[in-house]
Structures are given as C-alpha cells and as structure tokens.
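Quick note, the sequence shown lines up with residues 19 to 508 if you use our numbering.
Some notes on the structure that comes next.
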Amino acid sequence: MIDTEILTEIQKMDLCSPPPEQEPARQYYFIRKLQSWMEEQRAEKGRMLTCHVKTFGCQMNARDSEKIIGILQTIGYQETDCEEADLVLYNTCTVRENANLKVYGRLGQLKRYKKKHPEMLTLLCGCMMQEPEVIEKIKTSYRNVDIIFGTHNIFKLAELMAMKLLDRPDSKKMIIDIWENTTEIVEELPNARKYSFKGGVNIMFGCNNFCSYCIVPYVRGRERSREPEDIIAEIRGMVSDGVVEIMLLGQNVNSYGKTLEHPISFAELLCRVEQIEGLKRIRFMTSHPKDLSDDLIEVMSKSTKICKHLHLPLQSGSSRLLGIMNRHYTKEQYLDLVRRIRQKNPDIALTTDIIVGFPGETEEDFADTMDVVEQVGYDSAFTFIYSKRTGTPAAAMEDQISEDVVKERFDRLLKRVQELAAERAGKYVGETVEVLVEERNGQDASLVTGRTSQNYLVHFPGDETLIGSVVSVKLVESKGFYYIGECVEG
Ligand code: 5AD
Ligand code: SF4
C-alpha cells in the first residue's frame, strides 16, 4: 500500500512548469508525467502494463526492491511473477562471483524475451552495476538493456524512465547513470511493502569497514545513517498500518549514528524504537563484533520487544586471518563477546557467517574456525567459500587456496555446523513460546508457519486468520530445522 499523503502530493504536481530541483518533489514530477503516459498506454493496449522485479542477494536489496516496486506501482504498473512483462528489472548482487553469474544467466534469457517483445523495457540496478567492468560487459554483450542505475540513485528511477520513455522513445541508446558515492538520503518516496505485518527499515546505508575480502564498501559507498526521527516516524507509520515486527537494516548496525550531526548510539536508537506503542517485535541485521557494545547487550537483556536472536558474523576463527581480513577482533575477543552476550541473555540464539579458503588459510587457521564453531554452538551458520572480488585487497594476495582444499574444508565445516545446530534444535521442545504467524504452510494447508523470537520456524495447525498475529504455541516436536507445535490460545 502506498502512503496516501505521497499520492496526494504527486497528484498536485504542475506538469506545465519545469521539474523542481528539490527531492523528492522532482521525482513526484516525473512519476506524475509517467502516470499520464501510462493512461495513454492503457487506452492504446486495452490492458494494464505489467512489471517484473527480480531481486538477488541480501535483505538490503530486498528492501530496495520494495521501494522500486512502490515507484512502479505508483506510475501504474501491475506487478507480475511472469518474466515476459512490459517492464523487467533485475536488482543485482555482487558479494560473491556466483551472484554475478546468476545475473548473466538471467540476462541471456532476457535477451530472448526482448527479441520476442521489442517494446519491453529492461532495467538493471544494484551492487553489481557499481562495478565498471560489469558495465563494459553489458555495453558490449547485452546491448538491449535500456536503463542501468546503481545503489546510490534508486530514488531517480522515475526520472530515468521518463528520459527513456518520454524524451527519447525511439532511441536505442542505453541510459547509464551510476554514482560513485553520495551522502544524500531521499525520504518520502512511494514504497510497496511485501508483508502487511512485518517489514525492514533501513537505519543506515553503506559500510566503512573495508574487510579485505569484501566488495560491499566499494559498491554501497561510505556509511551514512538516517536521522532517528525519520526512522521512528517510518516505524510509527508501519505500526499504524498493522506491522507488528520490524527488522532494522544496516551493513553494521552497531556503528549506527556515528556520522549524524547529533550522534546517537544504536543502543539508544533501540530504546526509542522500543517505546513505539503497538510494535511487538524488533530484529536487526547485521552486527559487527568489533562494535557490539556492553550497552547494547544490556538493552537487549532488558527489552521486552527485541527478539532473542543475534547474527554475529565470525568470518574466521583464526586471530591471524582475522587481522589480515581487517576485522579488528581476535578469536579470544570474539569468544569473550559471546560469553558476555549469553551471560545477560541466556536464551539468545546466535547465528553467524563464516568464510572458508581466505588467501593463506592454513590447516591450523581452519582448526581455529572449527574450534570457535565448537565452543559457540551456533543455532545456524551461513558458510561461504571465499570468492575473489576484483578491487578488494584480498584479491591481490598471493597464496589463493586451491579449490579441492577449500572444498574439503568447506564440507567438513558444513557437516559440523549442521550436527551442532541439530543438537541445539530440540532444546525448546515442551516449551510454550510466542510465534508470529507468517503464512499458510506450503505443503499442508491445515498448518500455518511462523517464527519464534529466536527465529526458529514453527508449523502448527491453524488457518489464514492467524497470519500477522503473535500467538502462544507449545513446541511438541523438533524436526531439525523446524518445530511442530500446537496453539495454546483459544
Ligand atoms: N567471499 C565469500 N564470502 C564473502 N562474504 C563477503 N564477501 C565475501 C567473499 N569475497 C560473506 C561474508 C559476509 C556475508 C554477507 O557474505 O561472510 O558476512
Ligand atoms: Fe563487508 Fe565487512 Fe562491511 Fe560486512 S562489515 S559489509 S563484511 S566490509
């Protein structure tokens, strides 16, 4: 649902004057222009125009896609799952090489669709588009793409579309608008949320950490935080629309607020969010261990709304490698942090990210990673094979590890991570816990599926009317990755 106040502002735009300089009014102007164009298209074609947005990668991208879909729907497009739509947009990821390969695979397919439907509008955006060599490749091998933009100027979508569709409809020239960086955060744009009861809220953009393997700081730019007032206002608006759970999003939420004119800490922000009436659950993602403060541990332990789940990327258990990765903590400091978190929050679920095969990783380094996994006992872990990203310091390091050594270590790690997670999984059987019901079960229509505060999946008998509510469920059986439960409320 698009905010009605924004829709009213858009309707008020005077199209006889030149476009305003200020944002977001400038974008409202182009959206209004495209709405008129859309009316003509509908009359001509005798149907609604459709759009298909495909998202690759993380929750940041998923959130960006909601903003993109919001703009497209306001223009008048109807969203569809079908890839042969009037407008197709790929919001790309580049964190690992295989993310890029997936996009190139889809682009091949898109080329065929476009041959069949030459009037189809094709757009690319997201992290992969911030890489100059990707743009070169698209310019030479995928010349039928119409518009490319990056991570910093998503808010300009309508303006770029107006340039293509209204100013030069017959030109085959690709429109490419990539910014290297920005400090600008444009608020108050249309925005279509995927779920009515939960949603992500950006609290900051970019990353300043420059972990030596990671491309994110190069493609998402320097860290910049949103004003706490804007964040609170957004959440209040969501809650009044029926949202009960929010996920605060940032590459490193623990450094939130440092760049603001009046700095505030993440722990302070959480305390303010906690006070929002009607909001039931708060999650956040991702925490960097080096910035996780005792204040945050304290706030989490006292809160009645912050979920009992912390995603705390380890990356490696070897202090030597952590140094080369530029992570600013040692194995011992990480373990001590986990101890302090658990001391104050005994029932917290911990999850992590681990990279296997970073350049120069020895068997001894890997043994340290296995040791941390053993000592922490994660509830789940995302394990990744190191992927060389052009432009990052690690890509230039000698001693890249051979594929078979990495594969063998990766399999060993994955097996152990799964065994340990399975051991922990039965832990809550017999307990009655709060579950936010998210959907009807895909396999068995008599069941619904939801998540506990610890982010465990639970399937239990119930119907659609429960979706979006928090109910008490007794966990009767563990199935490894999920629980079977029964509702204990009338
Ligand atoms: N290779 C493999 N994994 C990576 N990640 C980031 N960069 C790379 C890379 N070059 C992983 C990290 C991060 C997660 C989002 O992706 O574990 O926490
Ligand atoms: Fe990448 Fe490190 Fe920033 Fe995370 S904290 S986005 S791993 S550079």
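Backbone N, C-alpha and C define an ideal beta-carbon position, used for all residues, glycine too.
Note that the structure is predicted; figures quoted are calculated from it, not measured.
7 Å CB neighbourhood of residue i in its chain, flanking five on each side removed
i	result
residue 194	153, 166
residue 112	118, 145, 146, 149, 233, 237
residue 253	219, 264, 291, 294, 297
residue 379	339, 419
residue 87	71, 97, 210
residue 180	48, 51, 52
residue 84	209, 210, 211, 212
Beta-carbon contacts of residue i that lie in its chain and below 8 Å, excluding the five residues immediately before and after
i	result
residue 260	214, 215, 486
residue 54	33
residue 449	492, 493
residue 5	The shown model of the chain, from 19 to 508, leaves out residue 5, and the question about it has no answer.
residue 207	24, 42, 45, 85, 88, 89, 173
residue 453	468, 469, 470, 476, 478, 488, 489, 490, 491, 503
Residue i versus residue j - alpha carbon distance
i	j	result
residue 33	residue 183	16 Å
residue 400	residue 189	45 Å
residue 451	residue 491	5 Å
residue 221	residue 442	32 Å
residue 340	residue 334	6 Å
residue 427	residue 403	9 Å
residue 29	residue 277	35 Å
residue 125	residue 22	36 Å
residue 350	residue 311	16 Å
residue 272	residue 321	17 Å
residue 355	residue 481	41 Å
residue 92	residue 433	47 Å
residue 225	residue 240	5 Å
residue 20	residue 446	40 Å
residue 258	residue 246	18 Å
residue 413	residue 405	9 Å
residue 284	residue 62	52 Å
residue 115	residue 425	16 Å
residue 389	residue 372	13 Å
residue 123	residue 230	28 Å
residue 64	residue 422	57 Å
residue 407	residue 235	12 Å
residue 243	residue 134	44 Å
residue 58	residue 82	28 Å
residue 26	residue 158	42 Å
residue 395	residue 40	51 Å
residue 280	residue 286	12 Å
residue 345	residue 415	17 Å
Own chain, CB closer than 6 Å to residue i, minus 5 neighbours either side, in chain order
i	result
residue 327	367, 472, 473
residue 324	300, 318
residue 37	44, 47
residue 347	307, 308
Cβ distance (whole Å) where residue i is taken to contact residue j below 8 Å
i	j	result
residue 138	residue 129	Rounded, the Cβ-Cβ distance is 11 Å, inconsistent with contact.
residue 374	residue 288	Rounded, the Cβ-Cβ distance is 33 Å, inconsistent with contact.
residue 302	residue 343	Their Cβ separation, rounded to whole angstroms, is 23 Å, which puts residue 302 and residue 343 out of contact at 8 Å.
residue 331	residue 370	6 Å
residue 496	residue 444	4 Å
residue 470	residue 476	6 Å
residue 104	residue 69	7 Å
Exposure label - residue i; buried when at least 16 CB within 10 Å
i	result
residue 228	exposed
residue 8	Summary: the structure shown does not reach residue 8, with the chain confined to residues 19 through 508, and so no result is reported for it.
residue 397	buried
residue 251	exposed
residue 503	buried
residue 223	buried
residue 305	buried
residue 169	buried
residue 176	buried
residue 506	exposed
residue 409	exposed
residue 100	exposed
residue 79	buried
residue 387	buried
residue 329	buried
residue 185	exposed
Min CB distance residue i to chain C below 8 Å
i	result
residue 253	Here chain C cannot be found, since the structure has a single protein chain.
> Below 8 Å, can you find three or more Cβ-Cβ pairs linking the region 458-470 to the region 421-437?
Replying inline: no
>> Pairs of beta-carbons, one from the region 286-303 and one from the region 252-267, closer than 8 Å: are there three or more?
In response: yes
>> With three or more beta-carbon pairs closer than 8 Å as the criterion, would you say the region 198-205 touches the region 383-400?
In response: Contact fails between the region 198-205 and the region 383-400, because fewer than three Cβ pairs, one in each stretch, are under 8 Å apart.
>> Would you call the region 345-364 in contact with the region 70-80, where contact means no fewer than 3 C-beta pairs closer than 8 Å?
In response: no
> Do the region 40-54 and the region 96-109 make contact, defined as three or more Cβ pairs closer than 8 Å?
Replying inline: Contact fails: fewer than three Cβ-Cβ distances are below 8 Å.
> Pick out every residue whose C-beta is nearer than 6 Å to a heavy atom of the ligand SAH: which are they, in chain order?
Replying inline: Ligands in the displayed structure: the ligand 5AD and the ligand SF4; the ligand SAH is not one of them.
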